[in-house]
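Report on the following structure.
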C-alpha cells in the first residue's frame, strides 16, 4: 500500500506565514506532520500562527533571517530542543525583483540570489547532519518555471532559481546514500493575493492582458491555485517518493510542455 502519511514527522517550511508556504505546511499538517515555520519579522510570525490556529493547526513559529547562517544554525538547534529533529525541510522563502537587467543594481541582484539560492544552501546545510544521524530525511526546494525559462525583468530571480535546480540535484547526488531525498517543486502561475491585480477584469469586462497571456500559454487554461501544490508537496515529503531524488516536479498546468496556440 502506498503510504502518503506524514504522521510523526516534523516539517520545517521556511517563510510559511502565508501563500504557497502556508498551503504546503497546512497540507503537511492534514497528513499528520508537526509544523514548524519561520519568517523574518515577528508580526509575520504572529500572523502565521493565527492563520494556522484558525485551521485548528498547532504550529511552531520562529523569527529567523534565513540568509544569516548563525541565525539558521541557532534556529535548527532551538527546533531540535523544543520540537524535535526535522524530518522534512521545505525551502520556500523567496523574493523577486522585477527590474530590467540594465537598470538593476548589483546589490539588488545579490539580494535576490542571497534569499532565493544562498538561503536554501544555508538551511539545508543546517538540517542535513541530523537527518544523517536519524537515517534519512526529505528536502524540497521551491523552484520555478524560471528554473528553465527566461523572461524580461527577472534576471536575478531566473539565475537564482536555475541555481536552486542544480543545488537540488547536487544535494540528491551527495546525500542520497544517507537516505536523504532532495527534490524541487516548480510552481506555474499561481493565483494568490499578490497576483490578484493581474487577474482583475478591465473596465470593459475584458481580461487583464497578463491574465490573457497566462491563460493562453497554459494548456489547463487557468491559473493554478495553492491547493494544486498540496498533493505534489505531500508526495515528495512522504515515503511514497523514497526512490525519487534530484527531480524537479513542475506544477504548471502544462506551460513548459506547450509551444502555444497557432495564431488565427
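In the working numbering, the protein residues as written are 16 to 279. Glycine included, each C-beta is placed from N, C-alpha and C at the ideal position.
Closer than 8 Å by C-beta to residue i: which residues in its own chain qualify, once you throw out the five before and the five after it? Chain order, please.
i, result
"residue 47", "20, 21, 22, 23 and 24"
"residue 311", "Outside the displayed range of the chain (16 to 279) lies residue 311, so it cannot be described from this structure."
"residue 255", "17, 18 and 19"
Among the candidates the options, whose CA atom is the shortest distance from the CA of residue i?
i, options, result
"residue 266", "157, 188, 112 and 218", "157"
"residue 179", "217, 133 and 189", "133"
"residue 184", "17, 29, 135 and 76", "135"
"residue 197", "237, 154, 97 and 143", "154"
"residue 129", "144, 140, 110 and 147", "110"
"residue 107", "167, 65, 26 and 215", "26"
"residue 76", "160, 96, 243 and 29", "29"
"residue 59", "200, 159, 112 and 78", "78"
"residue 272", "225, 233 and 122", "233"
"residue 61", "275, 228, 31 and 83", "31"
"residue 246", "217, 219, 120 and 41", "41"
"residue 94", "52, 276 and 278", "52"
"residue 159", "182, 124, 146 and 202", "202"
"residue 277", "231, 63, 249 and 270", "231"
"residue 144", "97, 92, 168 and 123", "92"
"residue 63", "218, 33 and 38", "33"
"residue 45", "84, 253 and 189", "253"
"residue 147", "124, 189 and 167", "189"
"residue 270", "205, 123, 168 and 54", "205"
"residue 275", "248, 257 and 229", "229"
Skipping 5 residues on each side, what residues in its chain have a beta carbon closer than 6 Å to that of residue i?
i, result
"residue 116", "170"
"residue 149", "100"
"residue 177", "162"
"residue 67", "74"
"residue 187", "197, 260 and 261"
"residue 191", "260"
"residue 175", "127, 128, 131 and 132"
"residue 49", "25"
Beta-carbon within less than 7 Å of residue i's beta-carbon, same chain only, minus the 5 sequence neighbours each way: which residues are those?
i, result
"residue 165", "173"
"residue 138", "29, 81, 87, 104 and 106"
"residue 194", "150 and 151"
"residue 243", "266"
"residue 213", "223, 225 and 226"
"residue 141", "87, 88 and 91"
"residue 83", "none"
If we define contact as Cβ-Cβ less than 7 Å, is residue i a contact residue for chain B?
i, result
"residue 108", "Chain labels in this structure do not include chain B; a single protein chain is all it has."
Going by the DSSP bridge assignment, what does residue i pair with across the sheet?
i, result
"residue 153", "103 and 196"
"residue 263", "199"
"residue 25", "49"
Which runs of the alpha helix (DSSP H) spanning at least 4 residues fall entirely within the segment 167-193, listed in chain order?
-> 170-190
Between the segment 115-132 and the segment 207-221, do three or more beta carbon pairs fall short of 8 Å?
-> no
Within the segment 96-127, ranges of the beta strand (DSSP E) (whole runs, at least 3 residues) = 103-106
Which runs of the beta strand (DSSP E), 3 residues or longer, sit entirely within the segment 27-103?
-> 49-54 and 75-78
Report yes or no: do three or more beta-carbon pairs, one from the segment 230-242 and one from the segment 256-273, lie closer than 8 Å?
-> yes
Starting from the N-terminal side, write out each stretch of the beta strand (DSSP E) that is 3 residues or longer and does not extend beyond the segment 196-261.
-> none
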